[in-house]
Structure formats: structure tokens, C-alpha cells
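Line order of the protein sequences matches chains A and B. Per our numbering, the first sequence starts with residue 413, numbered consecutively. Per our numbering, the second sequence starts with residue 63, numbered consecutively. Note that the Cβ used here is the ideal one computed from N, Cα and C, for glycine as well. Being a predicted model, the structure only gives us computed values, none of them experimental. Take a look at the structure below.
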Amino acid sequence: MLSVKSLYTEYPGERGRTIRAAQDVSFEVPDGKLFTLLGPSGCGKTTTLRSIAGLERPKSGEIAVRGQLVSSSEKGIFIAPNRRNFGMVFQSYAIWPHMNVYQNAAFPLEVGRRKLSRKERAEKVMGILRAVALDDLADRAATKLSGGQQQRLALARALVMEPQLLLLDEPLSNLDAKLRERMRFELKRMQRERGLTTVYVTHDQSEALALSHEVAVMNEGRIAQVGSPRDIYERPRNRFVADFVGTTNFINAVVAAADGEGRCRVGTPLGELNARCADRLSRSDPVVVSVRPEDVELSEQPPERTEGDNVCIGTVDAKAFLGEYLDFQVKVSDLVLLARVHPSLRTPVGDRIYVRMRAEKCVAIPDAGSTPR
Amino acid sequence: MSRPCETVTWGAMQVGWRIPRRLDAKWPAIVGSVALVAWLALVPVIFLLWQSLLTPETATTPARLTLENYRTAYAGAETVRLFGNSVEFAVGSAALAFVVGTFFAWVNERTNTPFKFLFFALSLIPLVIPAILFTVSWILLASPKIGVINLALQDFFATDIVFVNIYSMGGMIWVDGLHQSPLAFLLMTAAFRSTDPALEESALMSGATVLQIAWHMTLKLVWPAVLAALVILFVRAIESFEIPALLGLPVGLEVYTSAIYQAIHKYPSDVGLASAYGATLLLIASLCIFAQSRVAREAGKFSTVTGKGFRPRLMNIGRWRYLTAAAFMAYFMIIVALPFLVLLWCSLQKFYSVPTAAALKTVTFDAYRAVLDYPGFPGMVWNSVVLSLGSATIIMLMTSVLCWIVVRTRLPGRWLLDNLASLPLVFPGLVLGLAIMVCYLSIGIGVYGTLWIMLIAYVTRFMPYGMRYSTTSMLALHKELEESAAMSGAAWGMTFRRIVLPLLKPGLIAGWIYVVIVSVRELSSSILLYSPGTEVVSIMIWEYWQNGQYVELSALGVMLMVALFCFVLLAQFASRGFGVAQSGH
Chain A
413 MLSVKSLYTE YPGERGRTIR AAQDVSFEVP DGKLFTLLGP SGCGKTTTLR SIAGLERPKS
473 GEIAVRGQLV SSSEKGIFIA PNRRNFGMVF QSYAIWPHMN VYQNAAFPLE VGRRKLSRKE
533 RAEKVMGILR AVALDDLADR AATKLSGGQQ QRLALARALV MEPQLLLLDE PLSNLDAKLR
593 ERMRFELKRM QRERGLTTVY VTHDQSEALA LSHEVAVMNE GRIAQVGSPR DIYERPRNRF
653 VADFVGTTNF INAVVAAADG EGRCRVGTPL GELNARCADR LSRSDPVVVS VRPEDVELSE
713 QPPERTEGDN VCIGTVDAKA FLGEYLDFQV KVSDLVLLAR VHPSLRTPVG DRIYVRMRAE
773 KCVAIPDAGS TPR
Chain B
63 MSRPCETVTW GAMQVGWRIP RRLDAKWPAI VGSVALVAWL ALVPVIFLLW QSLLTPETAT
123 TPARLTLENY RTAYAGAETV RLFGNSVEFA VGSAALAFVV GTFFAWVNER TNTPFKFLFF
183 ALSLIPLVIP AILFTVSWIL LASPKIGVIN LALQDFFATD IVFVNIYSMG GMIWVDGLHQ
243 SPLAFLLMTA AFRSTDPALE ESALMSGATV LQIAWHMTLK LVWPAVLAAL VILFVRAIES
303 FEIPALLGLP VGLEVYTSAI YQAIHKYPSD VGLASAYGAT LLLIASLCIF AQSRVAREAG
363 KFSTVTGKGF RPRLMNIGRW RYLTAAAFMA YFMIIVALPF LVLLWCSLQK FYSVPTAAAL
423 KTVTFDAYRA VLDYPGFPGM VWNSVVLSLG SATIIMLMTS VLCWIVVRTR LPGRWLLDNL
483 ASLPLVFPGL VLGLAIMVCY LSIGIGVYGT LWIMLIAYVT RFMPYGMRYS TTSMLALHKE
543 LEESAAMSGA AWGMTFRRIV LPLLKPGLIA GWIYVVIVSV RELSSSILLY SPGTEVVSIM
603 IWEYWQNGQY VELSALGVML MVALFCFVLL AQFASRGFGV AQSGH
């Protein structure tokens, strides 16, 4: 439905320097799916979204919706944002303070090219306000809304013109934690019910994982990995993705043997470990093994071993009680591993403890020295 | 997708917009505003410089290129005297205004002095008492022959010694410095408000006294603002026309502005020489502003302004606060009460006389009647009203587009536009009037001698102020408010009309009010541009002065001040109403 092909953007910075934002960004969003651009600030995700919206002009690359080009520098096509019929929710919500709730939501219908009768317009506006539970507040001044209400109004305004694409620029980042969680479900329900093709930008990995059909993790203007939330989390393809999405343990290693079918043995400071590898690796390639803390299983008794399990013995270095779970720092050889375990485990600091890591949870990632490209 | 959005006409998009500028109100608006600003700000200067290189044109000999004007302006012994006078006057006036204004700003912002509510009135003074009325009132107070102060003191001591003489360099500095001091007060108040009081409080904890803190901390922290204030005051003083003309010319004390006026009003008038003086003045003002902006840029790096809303802790200055309160009351008397009262007294007499009990019996409203009955009076008021409302409206509409370009777009050269729009700041009013006169005498488009030329002058002269007001509000406007309108399907023109202008309204109205007021008071440009039928109120005051009709002048002055004061109050009230609509955002 939406296709972005080798998008490059840049803008003039201070003193004539050009700042590059998106670098060779390409992705496809199928009809009715929610696609998330995830990354730290300055990674180019917002610029990419704004290029789709038409608020930025890409240096090169093509953006097409349903096969229609909306932006292509090569062919000299650029459709103004007001003619694209995309709905957008801004990070600041951009609720117009000089209008009331109804006027804010009705604005897209008043200025759009489709002319509606007053009655039709009123029906549509009230319908969408009902959908976001703001119909009781239609006459309220927009400045008198709470944060969550402003967010819902911004969503209603984006949806009232029945856009073919919905763009969301960190729509939840200005809300407090509790409200953010509630709105996350609200947003997901609206998106799924209406089957809206959506591009979502966020720096919050839990938001991205909870909402999306597909996630693109971006770093320094480039897409580091695209995949389903589970893919991204469980099978990170490079060090950046593993590190940015969730918490993880990194163990430096060298490939000892690889069978070419995704299984390998790697030499680490802990000894040899069984791991899984997505990329084709060969003997003595430097890798880094990523293990999520919840996959570092601890036990006071020697654990059962099935084939491929890695088991080692360590000592409890430190621990922290966090309510729902316990964080253990376990020292194995000279390496400290972070393990996230059920609060029922009460091994005292300094005691011996068994560590088990299943082979399919240990992901060997090629380590090209520093940050991956 | 089972959504009705398929119904959206998608046709227009198939073509693709090769040039998005087409059919967009944005580009005509941008090009139009830029062209207008360039025309207004640049063309008169070019003509001024051109004219300064020409000999006077007479019926028999055409003008030819020459450097004679600059030779006359620079070579003689006159030059040194003129330059010396101008600098002495400007430095003295700026210093006086700065010391007085800073002292009271500090008292107001940082100490627990009583009667602070009067400080509000202070900030209005330069608005409601035009320089020419302030000068006249001080002539009535301190002239050697008719000055109330001299006469009262001579009467008391039974001598005929002249105690104070306003017709002197000292008198000029005194009047100009006092008239500028509320501006210094405003500038320094803003500076004091923006510094972190914690820095002062830590000095207090280190054992410094109030005076040591004021000297070592407060003043040093606001140093960039001090420099900016001094430069602005210096430039304003060197551009000041009314005060040197009324006080200096009668005793042969010339500065650049009065020299320009003399050169034009002698017979035959010497526009070339006036232009040469004008170019000099322009150069001095530009250098000052340029130097100040360079320093400000450097100082910006160490800025103490954090944008946080400080609530500075007031210093307890103990018994001294009675002294500061007394000083303030005296200041208030000198700059507000005395000038107004002396004009009021004068306006109620048949002939000017010193206030005595006997004279109280001869109080009459004849002067007011005379002013109101004057045949040209309604026309002048009408001219003033039309010009001030017209220039304010044009300026605010134009600058709202300009500031949008400067703040929002990434057009190359938009900084140039900002500078162009601010360029008229360095034109002294008289020089601007001269430049516009020369320009439209040469370009025969028929505006010379009409109200239009004065409108052009006013728009040019006050455009920078409009620009400041618009830009300030534009910077406070979140970019996404416009972008969300574009995403809603609104074109640029629609977005500007429905979103940008309504949101800029408070700032635009504040700027509009300010421009209306300064336009009503405008004298130094108008004086070179008016012709019979296009006189304005400030010209009428000037003419009363030239004719020696002090009583009528006072009556008109009192009416003007009261009218301006009412307008300011009304405007304050109105803008507060608009402010409420903005709150919460």
C-alpha cells in the first residue's frame, strides 16, 4: 500500500553544513497494517515520516501510495501535503488553541476538496468525536482539555477526513506512564477495527513491540533491521538492534564451528557455547552473543540438561528486588551476566548458582568491531 | 481496505506537481512582501547617497556630479564643531538616561521600595508625551526669560540672576536624557528580570552588601543588556530632532539633525549638503548598531537568560527605601507631573503668564476653542488618524508574512530579509524623510505632496517595530500547528488565514497599537514631507511653536496627551482580553 524506496533526505544545518537524516531508507507497508519506525532521537525516523507526509522534501527516492507516486525527485513529482489526504497526529498534538473541540475536528472537512453539506459534516464530526469519547466535550475550548483528551482530539482530527494513510509521530510521548499504557490499547483497537494503514514513529521500544505488525529499527539514518516485533526482539541481526530493543547481555566470542543451518558453537570467556546464528558464519569469525536477561535461567540445584543447553556455574554478585521480578548479577569467570528471574529465588549474595542458557536464546551476531552498519 | 476513502478524487495527483509553486498563494505573497520591503528599505537610501553627490539644481544650470557637498560637510572648521556637538549631546543624553533608568529599574525589580505601582505609569511616558511637547514644557519651565523655575526663584531671592538656562548643551542633554530614561528603564527592567537571582543570593550568602551585589553581580551579569541599552540610547539621541532644534538652534548650537533641517529650510535649499549630512548620520547609526549586534552575538554564549520564570527575591534595603521612594517621587514629578501641569496651566491662559493666584482668576478655555475652531483642524486630525491606522495595519499585515518567511521557511537569504526589514532602524526620522523626499521627487509617480508619501514614510520608519512584534509571536507558535492544518488538507493561504493569523493576533494587535501611537507622534519625517492639506497634528504643534502661539500649542498638546493616554489604557485593556484567549496554550 505504502512503498518507500531508497529515500535520502538532508537539510541545511548551521554554517552551510548539510545534515543528513534518512539514508537509503526503503520499506513497504501492506494494506491495513501498522508499521513502526523505531530508533533513538536523531536516527532519521521523524524525517522519514515527515517525508511521507510531504512536510519535508526528500533529496532523492520515491514514495508511492497504492501505486501512485506522491514524491519522486527523479521524476520531479511532489504532491503538496494538503493534497495527499494523509491523517497525521503530531507529537505536540498541534491542537489549535483558538478553536473549540468541534471546530478542531471539523477543520479538515471545511478546507478539504470534498465539499460536504453542513449536516453531513456535523454527522461525520460527531461520529468521530463519539469514537474517541469526546462527543460530550464538543463545545469545550481546546485549551481546556487534558493531555489524554488532546491526544484523542488530535486522533479524531486525523481520522475525520477518512485518510488513506495515518501517520503518528510519537503520539504517546507527552502522556504520563499510566495514561500512555491505556492510550496504547485504545490506539491499537482503533487501528485494528478500522483497518487503517498506519506509520508509527517512536523511540519507545515497548510501544513499538506492543502495537506493530512490523517494526523497522533505525540507526544513524539507516534501517538496521525490519521484522515482526518477535523477530526483532528474539532474533536481532546486529548489535545495535539487540542493544536498543530491550536489555541484553553481550558476550564476545569467536566462531568455533557452524553447521550452515543456523546452529553454531562459539568460543567465549565462559567456555564454548551453543548458539544460533542467522547469518552465514565461518570458523574464527568474531561474533558477539546476545542473551536476554529473562533467558538466563538460574537455579540452586544443577538444572536438567537437554541437547544444546549451555550450563555454567557462577556466584551471585548483586541482586535487586523490583517487585514483579528480581535482577541478579551473576559472575561467571570474569564476566557478569544479568539475569531476570522470578522473585521466589532467594539465593544470597556470594553463593554459588547454576546458570542455564538455551541454545536458541543465545544469538550470535557478527561483530564488525564497533557499531554495525 | 473496507474504507470509504476510495471516494477521494485521486485524479489531480496523477499528473504530479512538477512545480508545486503553481496555484499556491504562498509564492505571490512571499515575492510581493520581499519586493515591497526591498523597495521601502533600499531605494530611498540609494537616492539619498546619489543626491549627496549632486550640485543643487537651479532653473539655469542642471545638477552635476560633485564631491563638493562632502567637502563642505567635512572640510570646514564647522565640521569639527558639528561632530563634537552631536557626540557630546548624544553621549551626555545616553549617559543620563542610562544612569537614571537603570537606577530605577534596579529599585523596581530588586528592592522593596514602596509606591512601585507608579512604575507602570512610567513605562507609558515616552508613549503619551511626544518629545516636542516634553521639550516645550521644559522651555516653559526653565527658559531664562519665561521659565517658571527661574521666575519663581528670582521672585523668592529678589534677584534677576538666571538660575537655569534650558537653551544650552546642558539643557539639551537634560531634556533628551530625561525623555529617553523610561526607555532605559524598560530595557534594563527586562535585563534584570532575565538574570538568575540565585547568583545574587549566593553573593549575599558570601557576605556581600546590597551595593556590592548590585555592582559586582547584578550589573556585571546584565552587561550585554547594558551595552545594548547604551547603544540604543546613543543612536536615539544622535537621531533626536525636536530637542536640538527647539533648544539648540535659537543659540546656534547645531547637531547633525538640526543642520540637515537648516540646510533644507534655508533659501535656496541645499538638498545635496543635507544628504551628505544624512549619509554621515546613517553611517554613525549603522556602525553603532553593527558593533552592538556583534557584541551581542559574542555575549550570547555566556547568556544568563534561561527562559525560566524567575520570581526574584526582593532585597530589603531597610531605611534606604524611604530615600529611594523619595527619589522616585521626585523623578515622577520631573518627568510626568511638572511637564503636564505646566502645559495644562499654559493652555488655560489667554497669554502665557507665570502661575500666580492672580492669574488663576483669568483661567479660560479660549485656547481650546481657538484650536478646535481652527479651520484646518478637522483635516489634520483626520490625516493623523488615517495615517496612523493605515500605516499600523499595513505594517502588521506585511510583517506577519515577512516573519513567517524568516521563521518558517528555509529559503536561502531569509536572514537578508530580516535585516532589510530592520534596516530603517538606523535611519534617523529626518534622514528618512529627506531620503523619501528626494526619491519621490525624482520618481514622478505623483505621490509627492500627497498623504501617500507620508504613509510610505511611516510604513518604512515603523516597519522594524512591527517586525519585532510579529517575529516574537511567530517564534512562540509551534510549527506543528501549521503542519497539522496542511495535513488536514488546507492550502497555504487557508492555513495562514485560519490558523496563523488568529494565533498571531495578540502579538499583531500589540504591535498595531504601538505603531498607531508612534505614528500619531511622528514629526521628524513628516516635517520634510508635508504640504498644504496634508498636515498632521504633530506638524500643527510645530507650526504653533514657530508662530509663538504657546497657549494654543499647550491646549493642543494637552488634548493630544489625554487622547493618547486614553488610547493606551484602552489598548492595555483590550490586549489583556486577547491575552486571556491565549492562556492555557
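Label residue i either buried or exposed according to how many other C-beta atoms from any shown protein chain fall within 10 Å of its C-beta, with 16 as the threshold for buried.
i	result
A:HIS510	buried
A:CYS676	buried
A:TYR423	exposed
B:TYR393	buried
A:PRO755	exposed
A:HIS615	buried
B:ILE498	buried
B:TRP200	buried
B:HIS327	exposed
B:MET549	buried
A:ILE663	buried
Does the separation of the CB atoms of residue i and residue j fall below 9 Å?
i	j	result
A:ALA517	A:VAL572	yes
B:ALA432	B:GLU614	yes
B:PHE218	B:ASN170	no
A:ARG634	A:ILE777	no
A:GLU619	A:VAL638	no
B:ALA204	B:ILE187	no
A:VAL477	A:GLN603	no
B:LEU517	B:ILE456	yes
Compute the Euclidean distance between the alpha carbons of residue i and residue j, then round it to the nearest angstrom.
i	j	result
B:MET529	B:ILE571	13 Å
A:ASN661	A:LEU749	6 Å
B:GLY508	B:VAL620	36 Å
A:GLU646	A:VAL653	10 Å
B:LYS363	B:ASN481	Because the pLDDT at B:LYS363 is just 48, under 50, the model does not fix this residue reliably, and the value given afterwards should be weighed accordingly. Taking the straight line from one Cα to the other gives about 22 Å.
B:ARG523	B:SER243	22 Å
B:TRP79	A:SER472	Only weak support is given to the placement of B:TRP79: the predicted model assigns it a pLDDT of 37, under 50, and the value that follows is read from those uncertain coordinates. Going from the Cα of B:TRP79 to the Cα of A:SER472 covers about 16 Å.
B:VAL578	B:SER450	5 Å
B:THR557	B:LEU565	11 Å
A:LEU557	B:TYR606	59 Å
A:LYS773	A:ASP643	12 Å
A:ASN586	A:GLY559	8 Å
A:PRO715	A:THR659	24 Å
A:ASP739	B:ILE379	58 Å
B:THR319	A:THR460	58 Å
B:MET602	B:LYS282	46 Å
B:ILE92	B:VAL416	59 Å
B:ILE211	B:ALA399	15 Å
B:GLU544	A:PHE519	12 Å
B:ALA420	B:GLN411	12 Å
B:LEU487	B:LEU479	14 Å
A:ARG768	A:LEU579	43 Å
A:VAL700	A:ARG594	37 Å
Going along chain E, which residues have a C-beta under 8 Å from residue i?
i	result
A:PHE519	Included in the structure are the protein chains A and B, with no chain E among them.
With 9 Å as the C-beta to C-beta threshold (strictly closer), list the residues of the region 546–569 of chain B near chain A in chain order. SER546, ALA547, ALA548, MET549, SER550, GLY551, ALA552, ALA553, TRP554, MET556, THR557, ARG560, ILE561, PRO564, LEU565, LYS567
Which runs of the beta strand (DSSP E) fall wholly inside the region 677–728 of chain A and span at least 3 residues, in chain order? 683–689, 698–703, 709–711
Any alpha helix (DSSP H) of 4 or more consecutive residues that is wholly inside the region 455–510 of chain B: DSSP runs (the alpha helix (DSSP H)) wholly in the region 455–510 of chain B: 476–484, 491–504.
For the region 707–734 of chain A, which residues have a beta carbon sitting closer than 7 Å to at least one beta carbon of chain B? Cβ contacts with chain B come from no residue of the region 707–734 of chain A.
Residues of the region 501–517 of chain A with a CB closer than 9 Å to any CB of chain B: list them in chain order, please. VAL501, PHE502, GLN503, SER504, TYR505, ALA506, ILE507, TRP508, PRO509, HIS510, MET511
Residues of the region 519–547 of chain B with a CB closer than 9 Å to any CB of chain A: list them in chain order, please. Near chain A, meaning a CB-to-CB distance below 9 Å, the residues of the region 519–547 of chain B are HIS540, LYS541, GLU542, LEU543, GLU544, GLU545, SER546, ALA547.
For a minimum of 4 consecutive residues, which ranges assigned as the alpha helix (DSSP H) are wholly contained in the region 608–683 of chain A? 617–623, 641–646, 651–656
Listed in chain order, which residues of the region 450–479 of chain B have Cβ atoms closer than 9 Å to some Cβ of chain A? ARG472, PRO474
Would you list, in sequence order, the uninterrupted alpha helix (DSSP H) runs of no fewer than 4 residues that lie entirely inside the region 517–595 of chain A? Counting only runs of 4 or more, we get 530–543, 559–571.
Going residue by residue through the region 480–517 of chain A, where are the continuous beta strand (DSSP E) segments of at least 3 residues, counting only ones entirely within it? DSSP runs (the beta strand (DSSP E)) wholly in the region 480–517 of chain A: 480–484, 498–501.
Contained alpha helix (DSSP H) runs [length at least 4] in the region 512–597 of chain B, N- to C-terminal order: 513–537, 541–549, 554–557, 563–583, 588–591
Identify each residue in the region 571–584 of chain A for which the Cβ-Cβ distance to at least one residue of chain B is less than 7 Å, and report them in chain order. From the region 571–584 of chain A, only MET573, GLU574, PRO575, GLN576 have a Cβ closer than 7 Å to chain B.
Which full runs of the alpha helix (DSSP H) of 4+ residues lie inside the region 197–259 of chain B, going along the chain? 210–219, 231–255
Could you name the residues of the region 459–478 of chain A whose beta carbon sits closer than 7 Å to any beta carbon of chain B, in the order they occur along the chain? ALA465, LEU467
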